[in-house]
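A quick write-up on the structure given underneath.
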Amino acid sequence: MKLKELLAEVEKVSFSGDEQTEITEVAYDSRKVVPGALFVCVRGLHSDGHDYIQKAIEQGAAAVVVEEPPKFPVHAALIQAADTRAALAHISAAWFGYPARQMTVMGITGTKGKTTTAVMVKKILEKAGYKTGMIGTLGAFIGEEKLEFNKNTPTTPEAYELHALFAEMLKAGCRYVVMEVSSQGLKQKRTEGIDFECGAFLNISPDHIGVGEHENFEEYLACKKLLFSQTRHTVVNIDDPRFKEVTENAKDVVTVSVNSEADFMGRGIQNLWEPGLLGAVFQISGRMQGEIVLNMPGSFNVEDALTAIAMTTLAGVEPVHIKAALREVKVKGRMQVIQGTADSAAFIIDYAHNELSMECLLRTLKGYHPKRLICLFGGGGNRPRQRRLDMGRIAGKYADLTIITMDNPRYEALDQINKDIMEGLKVYDGAYKVIPDREEAIKYLAANSQRGDIIALIGKGHEEYQEIEGVKYHFSEEEILRGLMGGV
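For the sequence shown, the numbering used here assigns the number 2 to the initial residue and increments by one for each residue that follows.
Written out as structure tokens, the structure is:
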């Protein structure tokens, strides 16, 4: 591809070289530069691409994109861009033939619920017969097929990987793409230039504040807000008190609420527990009428369902498909229910890994009035001790029994992690048992639970590994449970 074509939508400050240079590859990591490549210098938390210009040229780079021109001669085309991260996004889109423009892209942002809402939207679109791609915390999918790419890829991948995924989805015949749009992704311009047919705002609360993320809550909010300068339609959960600030620049706003007057309203939420389904039933009114049965528990999941309903209604999906999809939907590691038979306990796999999310989970499950509410969890190593103390306290407050076990100890001693949890449990004198091996702990609960019990496996969620002393070992709670229950 010609250099001129790749730079068509890049905001350039200066240019030297030949626009007709043939480019063989695009790279933002100098280790991946090949002869004829275009190297884009981006700044990261630990390194700056500008420090590797000479190395890239030695490896054969034909063109280099910079924000600050080097102080030494460059024997390649040199493009000074206003923002190299934005440039990378536009260059990547051009390199793969602008695949996002040939599909309908839907973006979801919020502190909590992005993954759940994305899965709901995907499920509804597929129920309506549309082949759909999804990109987010769980990975990248075309239908049920999980695409192989860097396991360390963030929720919203870097622009080059993102457009590579779009290209693969387009080639496979996807008409829609649903993606989680993180504040970091927006801050680092990974979605620059993408026109979202629909964008959704779920909620915002203090999170991701610190080194390498956001300096303060105001910056975090400002980054969330960026999505809505790129959306044609916007779905907003008006139950969040900051919704006006985040979406003040949004166009064609559609509202959802479980509390206030809105375009899509959920009312009369009731718990529903029957064989194979631990969820909620509610009445929807406004632009859609009727009863919705949701195969996930909790009013917060009802809020996410309303957002998914609004987004897919805007896409023209009929209510019959929406209702059918939500009755079946399951989200890996997010309030994921696994129950072998009507006579067995209900197991819930959830990613909750702090005080707030754990309390929300256990309080919700307590509302189903189980014979016993049992929780199993551990503490993450090399993480704040207060988090473990708080989670122990919440477990003692709500659970009839807590099984203390291993999470990701990383480089910290498991005994010390568990002592912190026990200290928290003492606040409410919570009953507990320590079973260090997490698989053995799950087997113990499967053998010693009964009909009417709800067992929450907390902290691992969708993760399929345990990290011990710098090594990640395969570990899947879902695989273990399905094996114990005969593949259910």
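Glycine residues also receive a C-beta, built at the ideal position from the N, C-alpha and C atoms. Only a predicted model underlies this, so the values are computations on that prediction, with no experimental measurement involved.
Terminal residues of the beta strand (DSSP E) in which residue 234 lies: Counting along the chain, the beta strand (DSSP E) containing residue 234 begins and ends at 232-238.
Short CB-CB distance (under 8 Å) between residue 414 and chain B: No chain B is part of this structure, which consists of one protein chain only.
Buried/exposed call for residue 421, threshold 16 Cβ in 10 Å: Label assigned to residue 421: buried.
Residue span of the beta strand (DSSP E) that contains residue 486, given as start and end: Per DSSP, residue 486 belongs to no beta strand (DSSP E) and is neither H nor E.
Cross-strand partners of residue 53 (DSSP beta bridge): Residue 53 pairs with nothing; no bridge assigned.
Cβ contact check for the segment 37-55 and the segment 82-101: 3 or more pairs under 8 Å: Under the 8 Å Cβ criterion, the segment 37-55 counts as touching the segment 82-101, having at least three qualifying pairs.
Best match in 378, 397, 398 for proximity to residue 404 [C-alpha to C-alpha]: Among 378, 397, 398, the Cα nearest to that of residue 404 belongs to 378.
Contact check, residue 251 vs residue 232, beta carbons under 8 Å: Against a cut-off of 8 Å, the Cβ pair of residue 232 and residue 251 comes out as a contact.
Bridge partners - residue 26, DSSP secondary structure assignment: Answer by DSSP bridge pairing, in chain order: 38.
The segment 56-68 / the segment 16-32 touching (three or more Cβ pairs under 8 Å): Counting Cβ pairs under 8 Å, three or more are found: they touch.
When 470, 245, 461 are compared against residue 413, the one with the closest alpha-carbon: Taking only the C-alpha atoms, the option nearest residue 413 is 470.
Residue(s) in a DSSP beta bridge with residue 475: DSSP lists 466 as partners of residue 475.
Whole-angstrom distance between residue 110 and residue 147, CA atom to CA atom: Their backbone Cα atoms lie some 22 Å apart in a straight line.
C-alpha distance - residue 78 paired with residue 2, whole-angstrom precision: If I take the Cα positions, the gap works out to 15 Å.
Three-way DSSP call (helix, strand, coil) for residue 281 in this model: Residue state, collapsed to three classes: strand.
Assigned exposure category for residue 451 - 16 Cβ within 10 Å defines buried: Answer is exposed; the Cβ neighbour count stays below 16.
Status (buried if at least 16 other CB within 10 Å, exposed otherwise) for residue 317: By the neighbour-count rule (16 or more Cβ atoms within 10 Å), residue 317 is not buried but exposed.
Extent of the continuous beta strand (DSSP E) run through residue 179: For residue 179, the enclosing beta strand (DSSP E) stretches over residues 177-181.
As assigned by DSSP and simplified to three states, the class of residue 436: Of the three classes helix, strand and coil, the one that applies to residue 436 here is coil, per DSSP.
Helix, strand or coil at residue 147 according to DSSP, with G and I counted as helix: Strand.
Proximal residues to residue 278 (C-beta, below 6 Å), its chain only, five neighbours per side dropped: Counting only Cβ-Cβ distances below 6 Å, and skipping sequence neighbours, we find 296.
Nearest residue (CA-CA) to residue 206, options 385, 114, 258, 283: Answer by Cα proximity: 114.
Per DSSP, the bridge partner or partners of residue 105: In the DSSP output, where bridge partners are listed per residue, residue 105 has 177.
Per-residue DSSP class, three states only, for residue 421: DSSP, reduced to helix, strand and coil, places residue 421 within a helical segment of the structure shown.
Start and end residues, beta strand (DSSP E) containing residue 272: Here the beta strand (DSSP E) through residue 272 covers 265-275.
Whole-angstrom distance between residue 193 and residue 202, CA atom to CA atom: Distance between the alpha carbons of residue 202 and residue 193 is about 18 Å.
Own chain, CB closer than 6 Å to residue 131, minus 5 neighbours either side, in chain order: The answer, listed in chain order, is 176, 177.
Best match in 458, 428, 423 for proximity to residue 334 [C-alpha to C-alpha]: If we check each option's Cα against that of residue 334, 458 comes out closest.
Pick from 406, 392, 301, 462 that is closest to residue 365, judged by C-alpha positions: Among 406, 392, 301, 462, the Cα nearest to that of residue 365 is on 301.
Under the three-state DSSP convention, the category residue 411 falls into: Residue 411: strand per DSSP, three-state reduction.
Residue range of the unbroken alpha helix (DSSP H) whose run includes residue 293: For residue 293, there is no enclosing alpha helix (DSSP H); the enclosing beta strand (DSSP E) has its first and last residue at 291-295.
Identified DSSP bridge partners for residue 81: Bridge partners of residue 81: 15, 67.
Delimiting residues of the alpha helix (DSSP H) encompassing residue 301: Looking at the DSSP string, the run of the alpha helix (DSSP H) that includes residue 301 is 300-315.
Where residue 205 falls: helix, strand or coil (DSSP): If DSSP states are grouped into helix, strand and coil, residue 205 belongs with coil.
Contacting residues, own chain, Cβ-Cβ under 6 Å from residue 118 (five flanking each side not counted): In chain order, 109, 305, 308, 309 place their CB closer than 6 Å to the CB of residue 118, counting only its own chain and leaving out the 5 sequence neighbours on each side.
Buried/exposed call for residue 473, threshold 16 Cβ in 10 Å: Exposed, by the Cβ-count rule.
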